[in-house]
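S.K.: Numbering of the sequence shown is given in the working numbering, commencing with residue 900 and proceeding in unit increments. Every residue, glycine too, gets a C-beta built ideally from N, C-alpha and C. Predicted model, so just to flag it, every value in this text is computed and none were measured.
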Amino acid sequence: MAGRELSGLTSTDLAALLSPLAKATAVGQLEWRVKKPRCHEGVIKVHTVVADCPLGALRIYFVEPRPDRVHLQYLVNGSWVRRLDVNDEHRGVENTHKHTHIPATGREGVYTPDDIPEVPGGPTVAPGTYRRVFEAFAAECHIELPDGYWTEPGR
């Protein structure tokens, strides 16, 4: 897989951002909006103590008519630091998988996680499912979520 520019992030920055050292904390409430005709996107700001990386975001989105295909990103300086694709396949990877940056090569790594709640395939997603996936992803990225941060899509 092709490497991607990380807006000046070093391997030290990446390691810190994905560890408790970043003291990453989400701020405010997850805000949902509809982008394009059927893309539902939720974003919450994330503050860190990592130099040159003070502000980031956690993003979750899905596209109708496949709300069971959920995508999450931890974004810093306009680039993703970690990605999660649930029930999606591309580039030869089937089903749920995570993307990581490999600083030594500048390429992406992909692996199948064992810490993400299942999202059953189908045209509807049970209430609370997106939240469980979001919280599992935030936990892996060592991002603290504030009380009352969550809102369901469409609200």
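Can you confirm whether the region 926–946 touches the region 999–1016 when touching is taken to mean that 3 or more C-beta pairs between the two stretches lie within less than 8 Å?
M.R.: Judged by Cβ distances under 8 Å, the region 999–1016 makes no contact with the region 926–946, as fewer than three pairs qualify.
S.K.: Could you tell me the alpha carbon to alpha carbon distance between Tyr1048 and Thr909, rounded to whole angstroms?
M.R.: Translated into the one-based positions of the sequence shown, residue 1048 becomes position 149. Translated into the one-based positions of the sequence shown, residue 909 becomes position 10. Answer to the nearest angstrom: the Cα atoms are 30 Å apart.
S.K.: Between the Cα of Glu993 and the Cα atoms of Thr1011, Gly1021, Thr924 and Pro1022, which residue gives the shortest distance?
M.R.: Within the sequence shown, residue 993 is the residue found at index 94, counting from 1. When only C-alpha atoms are compared, the closest one is Thr1011.
S.K.: Is Tyr1048 helix, strand or coil when you go by DSSP?
M.R.: Here residue 1048 corresponds to residue number 149 of the sequence shown, with the count starting at 1. Coil, per DSSP.
S.K.: When the Cα atoms are used, what is the spatial distance from Leu971 to Ala950?
M.R.: Here the question's residue 971 lines up with position 72 in the sequence shown. Here the question's residue 950 lines up with position 51 in the sequence shown. Their backbone Cα atoms lie some 24 Å apart in a straight line.
S.K.: Assign Leu920 to buried or exposed, taking buried as 16 or more other Cβ atoms, counted over all protein chains shown, within 10 Å of its Cβ.
M.R.: Mapped onto the sequence shown, residue 920 falls at position 21. Burial call: exposed.
S.K.: Is it buried or exposed for Lys997, if we count other Cβ within 10 angstroms and need 16 for buried?
M.R.: Your numbering for residue 997 matches position 98 in the sequence shown. Per the 10 Å Cβ criterion, buried.
S.K.: Where are the beta strand (DSSP E) runs, 3 residues long or more, that stay fully inside the region 984–1041, in chain order?
M.R.: Within the region 984–1041, the complete beta strand (DSSP E) runs of at least 3 residues are 996–1001 and 1006–1010.
S.K.: Output the residue ranges of the beta strand (DSSP E) runs that lie fully inside the region 934–975 and measure 3 residues or longer, sorted by chain position.
M.R.: The qualifying runs are 938–946, 954–962 and 965–975.
S.K.: In the structure shown, what three-state DSSP assignment does Ser918 receive?
M.R.: As a position in the sequence shown, residue 918 is number 19, starting the count at 1. Coil.
S.K.: Rounded to whole angstroms, what's the CA-CA distance from Gly927 to Pro1019? Just pull it up for me.
M.R.: In the sequence shown, counting from the first residue as 1, residue 927 sits at position 28. In the sequence shown, counting from the first residue as 1, residue 1019 sits at position 120. Distance between the alpha carbons of Gly927 and Pro1019 is about 29 Å.
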